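The listed protein sequences derive, respectively, from chains D and A.
My numbering applies: residue 1 is where the first sequence begins, and numbers increase by one.
My numbering applies: residue 1001 is where the second sequence begins, and numbers increase by one.
A short write-up of the structure that comes next.
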Amino acid sequence: MLKSSWVTVLWLGAIVAVAPAGTLFEAGPVTAPQNPVDAAVFGQLRKLNLAPANLCSDAVFVRRVYLDVIGTLPTADEAKSFLNDSRLDKRAALIERLLVREEFADYWALKWSDLLRIKAEFPINLWPNAAQAYHRWVRTSIRDHWPYDRFVRELLTASGSNFRVPPANFYRALQSREPAAIAQTVALTFMGTRAENWPKDRLAGMAMFFSQIGYKSTAEWKEEIVFHDSGKATGAVARVAVFPDGKAAPLPPDQDPRVVFAHWLVSPHNPWFTRNIVNRVWSWLLGRGIIHEPDDIRPDNPPVNPELLAVLERELIAAQYDLHHLYRLILNSQTYQLSCIPASSDPKAEAHFAVYPLRWLEAEVLIDALNQITGTTENYSSAIPEPFTYIPEEQRAIALADGSVTSPFLELFGRSPRDTGLEMERPRKPSAAQRLHLLNSSHIRRKLEQGPKMRALTQSRGNTTDQINHLYLTILSRFPTAEERNTVQAYLGSTGSERRGTLTDVAWALVNSPEFLYRH
Amino acid sequence: MNSGMTRREALRRGLLGAAAWMVGSRLRLPTWAANLSAPPTAKTKAKAVIQIWMWGGPSHLDTFDPKPEAGRDYCGDLMKPIETNVSGIRIGELLPMLAKQADKYAIIRSMTHGNNGHETASYMVQTGRPAGDRQVYPCAGAVVSLFKGYDAGYKGMIPPYVVLTTPQGRFSEAGFLGPRYKPFVTGGDPSQSRFAVEGIVAQGITDDQQRARRELLHQLDALGQALPSHPQLQVLAKTEDMAYDMILGEGAKVFDLSTEKDEVRQAYGRNRFGQSCLVARRLVEIGVPYVTINYGGWDTHKTHFQIMRQKLPELDRGFATLLQDLYDRGLLESTIVWWSGEFGRTPKVDWPAPWNGGRGHHGKCFSAVVAGGGFKGGQVVGASDERGEDVKDRPVYPCDVIGSMYQLLGIDPHAKLPHPQGLEAHLLPTSAEAKSGGLLTEIM
């Protein structure tokens, strides 16, 4: 049904394919690469004799790019106006609009809060107001478009109060304050490597940079100052640290060793620094690192496409660590815009980015999407410490600051526990208990039956075709096909119960479809 | 479209082997599989655990370690402990029904870990591990679901680790084992006329409607039809089959308390805790290996004694009836009942405002109770000092209780745990990692 033939036309000198009507997920085949990302990806696919998938349809694109860039579903109106837009550059224009949305900062602050373990309680124990301050700082730095090198330098070198100098919480959001444990966290977060697998002396050498961090409390309840405690530098041995590349670094007694380390790490000449961030951003948008897992970079885990990695590194350095440039480059590539229907059954296809991978929506994105389409809200709270924290009702889950603030839905659907900062901490597969909840819980049912937006939709007096169109645009960000409309019409006519119940059934079915539940 | 449906149905039926509730990938099986098939030792008596989790931290002085001699500053108006059916053992005056069951349980009066933070202490008590070693270990329920659940041949329709009725939320219960070993949380309230177990029992939707809706879902599944053999969608289809087995199958009947005699429901107490105890007994009866009753409301910083007068009778009735019922049905010898909070409460009462007779957190010394599954009844382990502030005798650390339970369940307390990064991880800490007073051999 979906494998129809293609019409190819010549447009402004570029070959552009136009999908025949009725094609849901695919547009035409890829064209000659004009983006360095595509040159690297398609060049390698050719060598491996792997066919890339077709490009995705506009309907897939609008939904995908909203979810991937701002963690938020397009509204029915947003989806419709994009689909009805006939401008040739409408995809690029949408990408630009999304990059400046407030939700962009929310969503990427969520990602960074996972990696930085922003959580008031066990096992991180930042304390609620420190977690809030830290999250606000991270979000602001993303919203205000800080270059990535500045972001990292401030995290690595901050001193001061956990409430007043938020990045100082980097050295508090740890399960252990031993220098070696801190070094492991720094290596994981900013070098994408697991230092517990290094030779012992290499880790010990790096740990020296974090051996003079002091912590002291103040008269204010739970305030803590992070500072350079030069008193901890005892003896000559303690004055020599070793960079992860093996070079010794003498530590002058009056200098904070963290600054020496940051100076070494945060540099275009440091191979770990740029590779880590471009590989992570790639994996966040494409579902898989060029080096995979993205935080397990080591000599025996080589990149699947070294040229691609090198392109991204060069581009980010040339853009002076402006991450927007990297997002723009990747999102505008045909590689990112491939459909999820593979052209090749070769299992290597996904690893080489020949197809867009299906991904189960994160807990926060899923509940926000359900709330958006039904017009409902959730209660988020933290039972610790007393008095309990309750978050205002209109709060969106992607904008929650503190990993200790939660809801039964988030617990069941598995957000990141923020224990270790490992990317793999966030569950990626659905469980039967989650499926059960979506299919049959009173929680989801209440939203569908009583949510004001859903009621307005299912109770409106308009003609059935309009209602079905609106339901599809709201939930799946696309128009139904003629066949789907017929199926729904037949279902509405076939049951004897009152009409509203049955349109609610349709909404239930769409919400439970893989098309809704997966990025695709 | 219908022929596509049929193919898909056929495909999924082929996929469905032995039911596995959690579909997440297995973790490095070969490194630890040996532990699962280890033959039960002579000590293996327990098949299941019912954990009564007293979250908030119950006062040990007002429950199982009364100290009337310490005076009103320590005991408030609860100064008259009662004798139990075991001579020489006294417990709090608000627990008369439990006093008649003392021959069935052992009281540990020398629990200690020294931590006064709810989450950290919850972690320590339920995992047996010290906090802060950069790993988050799984709690006992997740460990039992690993060693006694689907990986070990459990075939039940109900997941092997059930929490009644609200999520614990105190720390991520499965730790590094991951979501496959998380508990199934029922939601709902078993003291209502119908126990609406979240996801399983949907009031007002008939089985026929369920089937009609499911068919509609398949008909409208455009992505599934475009990707008929996608591995991820096959996983999703499998979760859907398991979900419908729960919704439409026999398994859900265990939650239907209307089949119990009215006097039984009455005996347990017509409240959320009492009826949860009854559901726990029913779950254990059909073979569920680990049930937690998450019983909150014990964090009594203020007006502590008013709350005790209201809550302890509820605890007394539910807990005592559970012990008697398990015993009458011959289930107590194979079922461990473990009663504990994350810590006890400060023995000295805070009388001034704003506390108005409250008790704070006390991790230095508190009480726990174990019964059944190979634990001897009518026993007291250890002792606290004359005011219940410090351990006087035979300190018992969380790893000692949990290790003893593992041993009775036939799980080697020193077994290896699968770790997602391949790190070396064992069930319980070594003596270098955490203090231990030794397994509870005196009552096993």
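Cβ atoms here follow ideal geometry from the backbone N, Cα and C, with glycine treated the same way.
All figures in this text were calculated on a predicted structure; none of them were measured in a lab.
- For LEU422 (chain D), at least one C-beta of chain A is nearer than 9 Å to its own C-beta.
- A Cβ-Cβ contact shorter than 9 Å links LEU1283 (chain A) with VAL1162 (chain A).
- Checking the DSSP bridge columns, you'll see TRP1338 (chain A) partnered with A:GLN1051, A:VAL1370.
- With fewer than 16 other CB atoms across the displayed protein chains lying within 10 angstroms of its CB, GLU1424 (chain A) is exposed.
- Partner residues in a beta bridge of GLU1333 (chain A), as assigned by DSSP, do not exist.
- For the options D:SER161, D:ILE384, D:ARG280, the alpha carbon positioned closest to that of PRO294 (chain D) is the one of D:ARG280.
- Interface annotation for the stretch 354-367 of chain D against chain A: LEU358, TRP360, criterion Cβ-Cβ distance under 8 Å.
- At a C-beta separation below 8 Å, SER176 (chain D) has these neighbours in chain A: GLY1132, ASP1133, ARG1134.
- Between the C-alpha atoms of PHE1064 (chain A) and PHE1195 (chain A) there is a straight-line separation of about 32 Å.
- For GLN459 (chain D), the enclosing alpha helix (DSSP H) begins and ends at 452-459.
- Put simply, the stretch 30-46 of chain D does not touch the stretch 430-439 of chain D. Fewer than three CB pairs are less than 8 Å apart.
- The C-beta distance from VAL311 (chain D) to ALA40 (chain D) rounds to 5 Å, short enough to fall under 8 Å.
- Residue pairing by DSSP places ARG153 (chain D) in no beta bridge whatsoever.
- PRO1398 (chain A) places its beta carbon less than 9 Å from that of HIS1113 (chain A).
- Across the structure, PRO408 (chain D) and ASN1271 (chain A) are spaced so that their CA atoms are roughly 22 Å apart.
- With the rule of 3 Cβ pairs closer than 8 Å, the stretch 1333-1346 of chain A counts as touching the stretch 1044-1061 of chain A.
- In the assembly as shown, LYS348 (chain D) is an exposed residue. Its beta-carbon has fewer than 16 other beta-carbons within 10 Å.
- One thing to note: ILE391 (chain D) has its Cβ no nearer than 9 Å to the Cβ of GLU121 (chain D).
- Interface annotation, PHE1184 (chain A): in contact with chain D, CB-CB separation under 9 Å.
- Per DSSP, reduced to three states, the secondary structure at LYS1238 (chain A) is helical.
- When DSSP states are grouped into helix, strand and coil, VAL1136 (chain A) belongs to the coil group.
- Interface annotation for the stretch 424-452 of chain D against chain A: MET424, PRO427, LYS429, PRO430, SER431, ALA432, ALA433, GLN434, ARG435, LEU436, HIS437, LEU439, ASN440, SER441, SER442, HIS443, ARG445, criterion Cβ-Cβ distance under 8 Å.
- With fewer than 16 other beta carbons inside 10 angstroms of its own, ALA93 (chain D) counts as exposed.
- Across the stretch 1301-1315 of chain A, CB contacts with chain D closer than 9 Å involve HIS1301, in sequence order along the chain.
- For GLU393 (chain D), there is no enclosing alpha helix (DSSP H), as DSSP marks it with neither H nor E.
- Contact between THR1127 (chain A) and CYS1139 (chain A) holds, since their C-beta atoms are separated by about 5 Å, short of 8 Å.
- For GLY414 (chain D), the chain A residues whose C-beta falls within less than 7 Å of its own C-beta are PRO1179, listed in chain order.
- A distance below 6 Å between beta-carbons, with the five flanking residues on each side excluded, links VAL278 (chain D) to the following residues of its chain, in chain order: LEU312, GLU313, LEU316.
- Residue state for GLU26 (chain D) is assigned as strand, using DSSP reduced to three classes.
- DSSP, reduced to helix, strand and coil, places ILE1293 (chain A) within a strand of the structure shown.
- If you look at TYR380 (chain D), you'll find it in the beta strand (DSSP E) that goes 380-382.
- One Cα belongs to GLN337 (chain D), the other to ASP85 (chain D), and the distance between them is close to 18 Å.
- When the beta-carbon positions are compared, ARG1129 (chain A) and PRO1429 (chain A) come within less than 9 Å of each other.
- At least one C-beta of chain A is nearer than 9 Å to the C-beta of HIS520 (chain D).
- Here DSSP, grouped into helix, strand and coil, assigns TRP198 (chain D) to coil.
- Assignment of beta-bridge partners to VAL1396 (chain A) by DSSP yields A:MET1111.
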